[in-house]
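First residue of the sequence shown? That's 13 in our numbering, and the numbers climb one at a time after it. C-beta atoms are modelled at their ideal positions from N, C-alpha and C, and glycine is treated no differently. All values derive from a computational prediction rather than experimental measurement. Everything below concerns the one structure shown next.
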Amino acid sequence: MRRRDYIIIFALGVVLAPSPSCAQENEVGEEGSAELFLEEYTDEFQEKFFEALKQKGIENYDRAINLFLECKRLDPSNAVLDHELAKAYLASKQMVLAQQYAISAVNARPGNYWVLCTLVDIARRQGTGLEEVQERIPYKNIQLQENLALIYFAGENYDNALKILNGMKGSAFSEDLTTRVNNAIKKKEITVMEKDTIIEEVPKYGPMDNFISKISDYLAKSDFKNAAAVSWEALENFPAQAYFYYAYGQSLNKLKKHKEAVAILESGLDYLLDDVDLANKMYKELVDANNALGNSSKANMYLSKLKSGS
């Protein structure tokens, strides 16, 4: 993967319905740290990009869209911007434009689970299926087909999952997922027949535990450059996991990128749920970052939240 492909690849302000973990395991390459990734872009690009993320996080989608478009002017071939624009247009219910940018993002990165998930969600919200646009994307791409089967499986759309799997060549993946789909169908039938609740545990295909282990190890060693790089990669695959926002925000703080840290941490607050301990850690990082930026009022606001544990 080239360095340009790493630019802030994560879905801040996720607008999708709950989806399973990413099907593929993306390894962090040898290209360097998050600090180096950002340095490859101009100050103007970085400022507009982070401001766009901030505006999307507070649901100011029109402003976010305009900023992402300005970033596209600076870097027209950046597929990450296409994905961000697709999500922003989807959130603002501009479905035609959302689909246009999602198709562009899928064509640029056909093996990326989350990009495909965005396109599937756009189609679903329009009452159609992916077959409506399959001629405009690399539909026969093996990784795309595997990810699509996983998306259908996670959404309990078992018929479509089996349709995709039956059309694939035999592989360990297709055989394993076909078995799981058939087992899920049987369990669902048993549940209906017995009028009992059976909880289906969706298997973990994504490397979330592996990411957590790597990040924790880097943080323990105060290796914040590698912690930032791995956290960044983790957010591409798991953009609704608050821990990765915390880890990335903490790493940015330690790298003295306080403005970026604030944007990341504030976006991650939406995914905290009831984890008070993690919330306190994120508030502490926000206090430190805002103090470093001279924003004493915001620092005090987050300090009050830290003290209350809310």
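Just to confirm my understanding: we take residue i, look at its own chain, exclude 5 residues before and 5 after, and list those with CB closer than 6 Å. What are they?
i    : result
A311 : V299, N302 and N303
A291 : L284
K84  : L93
I276 : Y257, Y260 and G261
F223 : A246
S308 : none
Of the residues the options, which one's Cα is nearest the Cα of residue i?
i    : options                   : result
N153 : D171, F57 and Y125        : Y125
K175 : S183, Q157, A184 and I224 : Q157
E144 : I115, I70 and F185        : I115
G306 : S89, V274, E71 and I202   : V274
V92  : A120, D188 and F223       : A120
K105 : D74, D87, L86 and L128    : D74
N57  : K317, D87, Y258 and S243  : For clarity, residue 57 is Phe in the given sequence; the question names Asn instead. With distances taken between Cα atoms, F57 lies closest to D87.
T190 : D229, A117, L231 and L177 : L177
N195 : A173, M180 and S183       : A173
L102 : V193, C129 and S89        : C129
E168 : S316, K199 and D188       : K199
A100 : E147, L65 and N90         : L65
Leaving out five residues on either side along the sequence, give the residues of the same chain with a beta carbon under 8 Å from the beta carbon of residue i.
i    : result
V132 : L142, L160 and I163
M220 : S33, A246, N249, F250 and Q253
F185 : E158
S11  : The chain is shown from 13 up to 322; residue 11 falls before or after that span and cannot be answered.
Q67  : Y73, R75, A76 and L79
K181 : none
What distance in whole Å lies between the Cβ atoms of residue j and residue i, which are believed to be in contact at a cut-off of 8 Å?
i    : j    : result
G123 : E278 : Going by Cβ atoms, the distance from G123 to E278 rounds to 30 Å, so no, they are not a contact pair.
D170 : I202 : First, the amino acid is wrong: residue 170 is Tyr here, not Asp. That belief does not hold up - the Cβ atoms of Y170 and I202 are roughly 14 Å apart, past 8 Å.
V127 : I149 : V127 to I149, Cβ: 10 Å. No contact.
Looking only at its chain, what residues have a beta carbon closer than 7 Å to the beta carbon of residue i, apart from the 5 residues adjacent to it on each side?
i    : result
L318 : N292, Y295, K296 and V299
S243 : I227, F256, A259, Y260 and S263
Y230 : N238, A239 and V242
D287 : A254
E63  : L79
L281 : M294
L315 : V299
Tell me whether the region 125 to 139 and the region 91 to 110 touch, counting them as touching only if at least three CB pairs, one residue from each stretch, are closer than 8 Å. yes
Pair every Cβ in the region 233 to 249 with every Cβ in the region 261 to 270, then say whether three or more of these pairs are closer than 8 Å. yes
Counting pairs of beta carbons, one from the region 93 to 103 and one from the region 69 to 85, are three or more of them closer than 8 Å? yes
Check whether the region 266 to 276 touches the region 296 to 303, counting contact only when three or more Cβ pairs, one atom from each stretch, lie closer than 8 Å. yes
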